[in-house]
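Chains as they are written, first to last, in my numbering: chain A, 1 to 188; chain B, 189 to 382.
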């Protein structure tokens with residue numbers, strides 16, 4: 001067999017990326033009627049999708065106005081949490097692999113260390129996704145969903161609970177619970 | 189009129205309804221489920237207007253649809269990668285951790301195992317392919333020639349035939365990866381409970 005530098009996963013990624021690029025060109029060249037037909041063929045209601053655009057656009061304009069007015073930006077905060085969690089997971093993974101690999105006596109544990117590192121990375125990724133979901137739920141005032149996602153993330157990654165963003169979300173949940181209990185007719 | 193107001197008016201004048209339909213059509217054809225396809229389309233629309241996102245600049249790209257669809261293509265590709273890493277974090281962890289120039293014996297052994305795994309996957313995928321064109325498409329892809337048009341030109345075969353062959357190659361590769369991974373897992377035994 002000839003020597004190849006690409007792994008099967010890289011080949012799949014390259015084929016998928018190239019197909020998406022072709023698909024973008026194909027759909028861009030279509031007439032509006034063809035796009036509607038294509039959507040209908042995949043079970044979509046083109047009318048509903050088109051009608052929803054104005055609401056999305058208005059949301060986009062609000063966001064644009066906020067940013068241009070220089071209001072506080074949420075996105076960088078979220079990114080900093082992401083970087084923090086990612087860095088912790090990477091440090092843990094590299095540490096585990098380095099310890100297992102540096103000692104010949106531990107060579108037998110190599111595969112296990114590898115699996116542990118991979119598992120740690122997957123867990124950190126899952127916790128990060130849950131915290132992002134919690135943040136989005138809180139933005140939409142879905143407090144119960146927000147808290148549930150945060151609790152699930154805490155079970156996976158207790159250290160992440162100390163981040164500023166998670167603390168801010170917990171405070172919002174607490175404030176919402178307080179407002180609910182003070183509301184007229186709320187359960188004592 | 190300030191530049192901001194000017195851009196606001198340009199944005200308002202665009203056909204967002206038609207654009208949203210095109211975005212969803214591309215995401216759906218990339219096998220995204222309905223809800224995710226709509227979500228990605230909306231992320232792109234917001235990004236096109238958001239000065240902190242990937243704002244559309246008509247002076248650099250006069251065609252909003254081209255800009256937006258390119259963003260969507262990037263999102264779809266990133267989404268697929270993320271999904272693959274989520275299913276098997278080892279693929280990425282391994283390549284990044286084994287890339288050091290001062291590799292230890294354990295790392296060299298790991299890299300060799302990984303190469304052997306890759307070769308088994310390629311052979312298993314090849315065994316799943318039936319036609320000569322499929323195999324040649326796989327070979328070209330392994331050699332870095334991965335655009336359908338390039339492959340069609342190299343093999344002197346109509347592009348539609350190449351697209352069908354690519355779908356079969358992708359299916360065979362995914363199936364072979366899943367098969368090899370489950371074999372590795374069963375050889376390693378059940379995970380120990382802590």
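For glycine and all other residues, C-beta sits at the position ideal for the given N, C-alpha and C.
Listed along chain A are 6, 11, 14, 15, each with a C-beta nearer than 8 Å to that of residue 329/B. Under a 10 Å Cβ-count criterion, residue 54/A is classified as exposed, with fewer than 16 other Cβ atoms of the shown protein chains found around its own Cβ.
In the displayed model, residue 6/A falls within coil according to three-state DSSP, outside both helix and strand. Positions of the alpha helix (DSSP H) runs, each at least 4 residues long and wholly inside the region 218-245 of chain B, are given as 222-237 in order along the chain. Within the region 25-41 of chain A, the residues whose Cβ lies closer than 8 Å to some Cβ of chain B are 27, 28, 30, 32, 35, 36, 38, 39, listed in chain order.
Counted as a single uninterrupted DSSP element, the stretch harbouring residue 202/B is not any alpha helix (DSSP H), since DSSP gives it neither H nor E. Counting only the Cα atoms, residue 313/B lies some 13 Å from residue 329/B.
The beta-carbon separation of residue 40/A and residue 33/A, rounded to 11 Å, does not stay under the 8 Å limit for a contact. Remark: C-beta atoms of residue 316/B and residue 353/B do not approach each other more closely than 8 Å. Around the beta carbon of residue 128/A, 16 or more other beta carbons lie within 10 angstroms, which makes this residue buried. In the DSSP annotation of this structure, the continuous segment of the alpha helix (DSSP H) that includes residue 38/A starts and ends at 32-41. If you compare the alpha carbons of 259/B, 232/B, 207/B with that of residue 17/A, the shortest gap goes to 259/B. Rounded to the nearest angstrom, the gap between the Cα atoms of residue 120/A and residue 318/B is 40 Å.
The count of Cβ pairs closer than 8 Å, one atom from the region 8-23 of chain A and one from the region 333-347 of chain B, reaches three, so the stretches are in contact. Sequence-distant Cβ neighbours of residue 325/B in its own chain, meaning closer than 7 Å and more than five residues away, are 339, 350, 353, 354, 357. Within 10 angstroms of the beta-carbon of residue 296/B lie fewer than 16 other beta-carbons, which makes it exposed.
Counting along the chain, residue 61/A sits inside the alpha helix (DSSP H) bounded by residues 53-68. Contact with chain B is found for residue 59/A, since one of that chain's Cβ atoms lies less than 8 Å from the residue's Cβ. Proximity of the region 193-202 of chain B to the region 217-226 of chain B falls short of the contact definition, fewer than three beta-carbon pairs being nearer than 8 Å.
By the neighbour-count criterion, in which 16 or more other beta carbons inside 10 Å mark a residue as buried, residue 162/A falls on the exposed side. At a cut-off of 8 Å between beta-carbon atoms, residue 233/B makes contact with chain A. Proximity of residue 50/A to chain B, defined by a Cβ-Cβ separation below 8 Å, is satisfied. In the three-state reduction of the DSSP assignment, residue 163/A falls in the coil class. Closest by C-alpha distance to residue 309/B, out of 367/B, 346/B, 321/B, 209/B, is 367/B. For residue 150/A, the number of other beta carbons within 10 angstroms of its own is at least 16, and it is reported as buried. Take the alpha-carbon of residue 293/B and the one of residue 268/B: they are about 33 Å apart. Straight-line spacing of the CA atoms in residue 171/A and residue 155/A works out to 19 Å.
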